[in-house]
Every structure is written in C-alpha cells, then in structure tokens.
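Peer 1:
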Amino acid sequence: MARARIIDGKAIAAELRKAVAAEVEALKREKGVTPGLAVVLVGDDPASQVYVRNKARQTVEAGMKSFEHKLPATTSEAQLLKLIDELNRSRDVHGILVQLPLPPQIDTRKVIEAIDPAKDVDGFHPINVGHLSAGEPALVPCTPAGCIILAKSVQPDLKGLEAVVIGRSNIVGKPVAQLLLREDCTVTIAHSRTRDLPSVVRRADLLIAAVGRPEMVRGDWIKPGAIVIDVGINRIEGSEGQPRLVGDVAFNEAVEVAGAITPVPGGVGPMTIACLLKNTVGAAQSQTQ
Ligand code: NAD
Numbered sequence: 205m206a207r208a209r210i211i212d213g214k215a216i217a218a219e220l221r222k223a224v225a226a227e228v229e230a231l232k233r234e235k236g237v238t239p240g241l242a243v244v245l246v247g248d249d250p251a252s253q254v255y256v257r258n259k260a261r262q263t264v265e266a267g268m269k270s271f272e273h274k275l276p277a278t279t280s281e282a283q284l285l286k287l288i289d290e291l292n293r294s295r296d297v298h299g300i301l302v303q304l305p306l307p308p309q310i311d312t313r314k315v316i317e318a319i320d321p322a323k324d325v326d327g328f329h330p331i332n333v334g335h336l337s338a339g340e341p342a343l344v345p346c347t348p349a350g351c352i353i354l355a356k357s358v359q360p361d362l363k364g365l366e367a368v369v370i371g372r373s374n375i376v377g378k379p380v381a382q383l384l385l386r387e388d389c390t391v392t393i394a395h396s397r398t399r400d401l402p403s404v405v406r407r408a409d410l411l412i413a414a415v416g417r418p419e420m421v422r423g424d425w426i427k428p429g430a431i432v433i434d435v436g437i438n439r440i441e442g443s444e445g446q447p448r449l450v451g452d453v454a455f456n457e458a459v460e461v462a463g464a465i466t467p468v469p470g471g472v473g474p475m476t477i478a479c480l481l482k483n484t485v486g487a488a489q490s491q492t493q
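Here the working numbering is used: the first residue of the sequence shown is 205, the next is one more, and so on.
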C-alpha cells in the first residue's frame, strides 16, 4: 500500500483566507461595509493570548476590522455581559468571539447565550446549535467546519461514507458529527465509554479524532485507504526533552495505512482561524442584506 497523501492544512487555510479577503473587498465595494470581529479575552492565560493575537492579525490581513477587548481576570460576570450587550448593538461589529475558558466567577453558558446569534461566529449559541442539528443555515463552529473542508479536499463528495468521530464535545465532536450527517455520511460518534474502540474505528472510511490523547489511535485501527482528520493537539516530551506537538493519531503508523491524513501541526490547526474569518464575513453579509 502506498503511503497516505498528506493533507496540507496550511495551504488550504491560506487559500480560504484569500477567498475571504476577496469577499471582504466585494462587501466594501458594493455595500460600503467593512466586516468587524470583536474578540474578548478575560484574564491572562498565555495560550489564549497567543490565539487572540493570531486571530486579530489574520482578521486585519483579510481586510477586516479587529476589535480587541482585554479584561482583567477579576472581571465580574455583569461587567462581561455589559460589554457583550454593547458589542451586540455596535454597527461596526459583525462577529463576537469570547475566548474560552473564562475565569470561574463567570458562567460561560450565560455569556454564550448573551451573544446575538447573528454575531455568534464561534457557533456555540444554542440557537446556532439548534439550527445546525435541524439541518438549517447556521453559524457553524470553526474547527468542525475546517475538518469538513479538509476531508472534501481529498474527496469532494462524502456521500455514503462510514464516518467515525472519536469525541463528543460540544466544541468539536458533536458539531463535526452533525456536519458529516449533512454531507450524507453514515455517522458513528465514539467516546470514552465506547466498547472496543479499535473495531469501531476500523469501520471508518473517514475518521475524525478529537480526543486530546497523544497518539491514542494506532495504525492497525485504520481501515486501509481511509481519510484521517486528526484534531488533537497534545504537547509531549520529545526524544531530547524538548516539547513536541502530536495528534490523537500515531501519525508514523497511520501514514502507512491511510489514504490521506492531516499532520499535527499543520493540519486542522490552521483551518480554525480561517473558518472564523469566513464566518465573520458571512455574518457581515447577512447583517447588511
Ligand atoms: P474534550 O476534552 O472536550 O473532549 C474529548 C472527548 O474525547 C470526550 O468527548 C471524551 O468522551 C472523548 N474521550 C476521552 N478519552 C477517550 C478514550 N480513551 N476513548 C475514546 N474517547 C475518549 O476535548 P475537545 O475540546 O473536543 O478537544 C479534543 C482535542 O482537539 C484536544 O486535543 C484539543 O486540543 C484539540 N482541539 C484542536 C482544535 C484546533 O485544531 N484548532 C480546536 C479544538 C480542539
């Protein structure tokens, strides 16, 4: 069996950002509207700071306005809800993203539900979750949307495929399963209580691994020729004591069996922000119709 084709998430994300930039230009030209994304960060978690900085930079590079709101870790729920209310009303802001996790004094659910669903570019508001599961137009969570684009870069029509998703989180597992259903796949959601996970995974023509366990999925779990999308981002200690990023799939084993596979890093990771930008321009288009 030939080695799997490596799905280049970096290149596909760059293409998507280019397409978004063109849509932004068109919106400016035709409607005089510049899409705006507000990103709210509460506290000083270093990883969140990096994400927020990258989001802001790529927003500006795509020709959109970026509004950054950095609040101290001691911010109260009422203060955050007041800011969300202002952003909901602002005509310059078409998308609102609250970086998670939030500090313990703030109820994350309340904050997500306070965001205007039309500006909910993370797709976490129950209205958008409901629309997605009803198969209606919705703002769709970014990482799952990225997974589908990557799978379709290999096989544009996913109809009828046996798709297995490992993980049932609200952020990745459940929404990606809904999107696969929308693509007419036969979908299985596996999770921490699934019996005999390897044999479930062996059924998959398309595997999406979103677990958060380094290299849990072994090469002999993979059906020959399958498309493997690895969402996991796990930091482990490399051979010389240096930290190293690995996915949920043992890449070196799986690459010998799969038909196509995403690397970590450089696979799903770069797609998330690109899809966020796509959601933001889409939200701006809907709000200015
Ligand atoms: P989560 O912890 O919320 O969910 C993990 C899921 O894995 C759970 O539903 C659980 O049932 C399942 N699980 C745990 N142990 C298992 C086992 N032994 N067998 C089968 N299933 C098991 O995590 P999440 O937020 O969905 O993220 C999953 C991974 O994806 C993490 O590594 C995270 O860093 C990564 N991630 C990447 C991106 C990105 O690329 N931009 C975005 C979000 C998450």
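Note that CB positions come from ideal geometry on N, CA and C, so glycine has one too. In this text, all values refer to a predicted model and were calculated from it rather than measured experimentally.
Let me confirm a value: residue 218 is counted as buried when at least 16 other C-beta atoms fall within 10 Å, else exposed. Which label applies?
Peer 2: exposed
Peer 1: For residue 357, which residues of its own chain have a beta-carbon under 8 Å away from its beta-carbon, when the five flanking residues on both sides are left out?
Peer 2: Same-chain partners within the cutoff: 211 and 216.
Peer 1: Quick check: the Cα distance between residue 214 and residue 470, rounded to an integer number of angstroms?
Peer 2: 5 Å
Peer 1: Apart from the five residues on each side of it in sequence, which residues of its chain come closer than 6 Å, Cβ to Cβ, to residue 292?
Peer 2: 320
Peer 1: Would you list the residues sitting across from residue 300 in a DSSP beta bridge?
Peer 2: DSSP lists 242 and 324 as partners of residue 300.
Peer 1: Sorted by chain position, which residues of the same chain lie with C-beta nearer than 8 Å to residue 314's C-beta, five sequence neighbours on each side aside?
Peer 2: 281 and 285
Peer 1: Taking 6 Å as the limit, name every residue whose beta carbon sits nearer than that to some heavy atom of ligand 1, in sequence order.
Peer 2: 347, 370, 371, 372, 373, 375, 376, 377, 394, 395, 396, 398, 401, 414, 415, 416, 417, 435, 436, 437, 438, 472, 473 and 476
Peer 1: By how many angstroms is the C-alpha of residue 283 removed from the C-alpha of residue 432?
Peer 2: Our two residues, residue 432 and residue 283, have alpha carbons roughly 43 Å apart in a direct line.
Peer 1: Is it right to say residue 382 is buried, meaning 16 or more other beta carbons lie within 10 angstroms of its own, or is it exposed?
Peer 2: Under this definition residue 382 is a buried residue.
Peer 1: Determine the burial state of residue 441: buried for a count of at least 16 other Cβ atoms within 10 Å of its Cβ, exposed for fewer.
Peer 2: exposed
Peer 1: Within the stretch 356 to 439, note down every full alpha helix (DSSP H) run reaching 4 residues or more, in order along the chain.
Peer 2: Positions of the alpha helix (DSSP H) runs, each at least 4 residues long and wholly inside the stretch 356 to 439, are given as 377 to 386 and 401 to 405 in order along the chain.
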